[in-house]
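S.K.: One structure is given below, represented as structure tokens, and several questions about it will come after.
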Amino acid sequence: MTEALLLSYKALPEVQPSALRAEAVDTIDLPRPDIEAGAPLMAALSRRKSQRTFSEAALPAAVLGEVLWAANGINRPETGGRTAPSAHAFNEIDVYAALPGGVYRYDPQGHRLILKHAVDARNLTGYQDFVGTAPLDLVYVVKMSRLLEMPSQQRETFSAVAAGCISQNVSLYCASAELATVVRGWINHRQLADALRLNEDELPILAQTIGKPAL
Ligand SMILES: Cc1cc2nc3c(=O)[nH]c(=O)nc-3n(C[C@H](O)[C@H](O)[C@H](O)COP(=O)(O)O)c2cc1C
0 MTEALLLSYK ALPEVQPSAL RAEAVDTIDL PRPDIEAGAP LMAALSRRKS QRTFSEAALP
60 AAVLGEVLWA ANGINRPETG GRTAPSAHAF NEIDVYAALP GGVYRYDPQG HRLILKHAVD
120 ARNLTGYQDF VGTAPLDLVY VVKMSRLLEM PSQQRETFSA VAAGCISQNV SLYCASAELA
180 TVVRGWINHR QLADALRLNE DELPILAQTI GKPAL
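Those letters in the sequence shown? Residues 0 to 214, per numbering that gives the first Met the number 0, in order.
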């Protein structure tokens, strides 16, 4: 991957999803996060960086639960408040997880993953070398139908900001838990929409790769 190609963010020829590398299940109940664990915030901020080499090792269930809760989980059950802000709490971003055992949508209320498509679509979440071998790719999807009450000129900016907040939560969690991550705007929107089985009103805008750092 040349630097010039990376900077271009150009669409490249389409690829097919890989065969499943783990069993697809209808739902994955995620362990609750350990909110006492990890490095303190200032230490995590001092370590935050983009990394682009990943171990292929699967992430433990506890880590998967923590990543998704950090991304956009419910941290105030009394109000349904989330770990990431969104304008008017429209919560227009859905978080999808591309795993070796399928593509899942994160359900914050149930703190679980719900199967959307039984394919290994990690290799469809971007073009870079590590995509398809790192154990987890998150995809941030705007659900436009949740924004109908927002003035149309704000929708694109505010949903991009909301996705950015989610990605930064994930980046800080990764720094705190000594995981590698990179947020990615270089994605093929149409191919990803197919892989995630999205509806017409759903648009993938960012992806984020997560895994243990390569040794
Ligand atoms: C909106 C956005 C899109 C990005 N897209 C990509 C991408 O497609 N591929 C990639 O390798 N890095 C991507 N990055 C990461 C940046 O290249 C990285 O943050 C920048 O080089 C600074 O490095 P640092 O994060 O280590 O401080 C993106 C970052 C942001 C905020």
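Just so you know, even glycine gets a beta-carbon here, dropped at the ideal spot from N, CA and C. Bear in mind the structure is a predicted one, so any value in this text is a computation, not a measurement.
(1) Since V14 and I209 should fall inside the 8 Å C-beta cutoff, what is the C-beta to C-beta distance between them, to a whole number of angstroms?
(2) Taking DSSP's pairing of strands, which residues face L98 in a bridge?
(3) What are the residues that DSSP puts in a beta bridge with E148?
(4) Could you check the C-alpha separation between A42 and S49 for me, to the nearest Å?
(5) Please state the DSSP three-state secondary structure of N74.
(6) Would you mind reading off the limits of the beta strand (DSSP E) that contains L123?
(7) Is any heavy atom of ligand 1 found at a distance shorter than 7 Å from the C-beta of Q127?
(8) With a threshold of 8 Å, are at least 3 pairs of Cβ atoms found where one atom belongs to the region 151 to 168 and the other to the region 52 to 61?
(9) Can you tell which of P134, R183, R189 and G184 has its C-alpha closest to the C-alpha of P212?
(10) Considering only the beta carbon of each residue, do A21 and G131 sit closer than 8 Å?
(11) Going by the C-beta, is K48 closer than 7 Å to any heavy atom of ligand 1?
(12) By the three-class DSSP mapping on this structure, what secondary structure does V130 have?
(13) Could you pull the start and end residues of the beta strand (DSSP E) that R219 belongs to?
(14) Just to confirm, does G184 get its C-beta within under 7 Å of one of the non-hydrogen atoms of ligand 1?
(15) With a threshold of 16 other CB atoms inside 10 Å of the CB of P32, please say whether the residue is buried or exposed.
(16) Could you check if V24 is buried or exposed, using at least 16 other CB atoms within 10 Å of its CB as the buried criterion?
(17) Sorry if obvious, but does the Cβ on L135 come closer than 7 Å to a heavy atom of ligand 1?
(18) Tell me the rounded alpha-carbon separation between A176 and G37.
(19) Strictly by DSSP, which residues pair up with P107?
(20) Let me see if you follow: with CB-CB separation under 8 Å, is L202 close to chain B or not?
M.R.: In terms of the structure at hand:
(1) Not quite, the Cβ-Cβ distance comes to about 21 Å (not below 8 Å), so this is no contact.
(2) BP columns for L98 point to G101.
(3) According to DSSP, E148 bridges with nothing at all.
(4) 16 Å
(5) strand
(6) Careful: L123 lies outside any beta strand (DSSP E) and carries neither H nor E.
(7) yes
(8) Contact between the region 151 to 168 and the region 52 to 61 is absent, because fewer than three Cβ pairs lie under 8 Å.
(9) Ranked by Cα distance from P212, the options P134, R183, R189 and G184 are led by P134.
(10) no
(11) yes
(12) coil
(13) There is no way to answer for residue 219, as the model of the chain reaches only from 0 to 214.
(14) Between ligand 1 and G184, a heavy atom-to-CB distance of less than 7 Å is present.
(15) buried
(16) V24 comes out exposed.
(17) Outside the cutoff, so no.
(18) 5 Å
(19) In DSSP, P107 forms no bridge with anything.
(20) Here chain B cannot be found, since the structure has a single protein chain.
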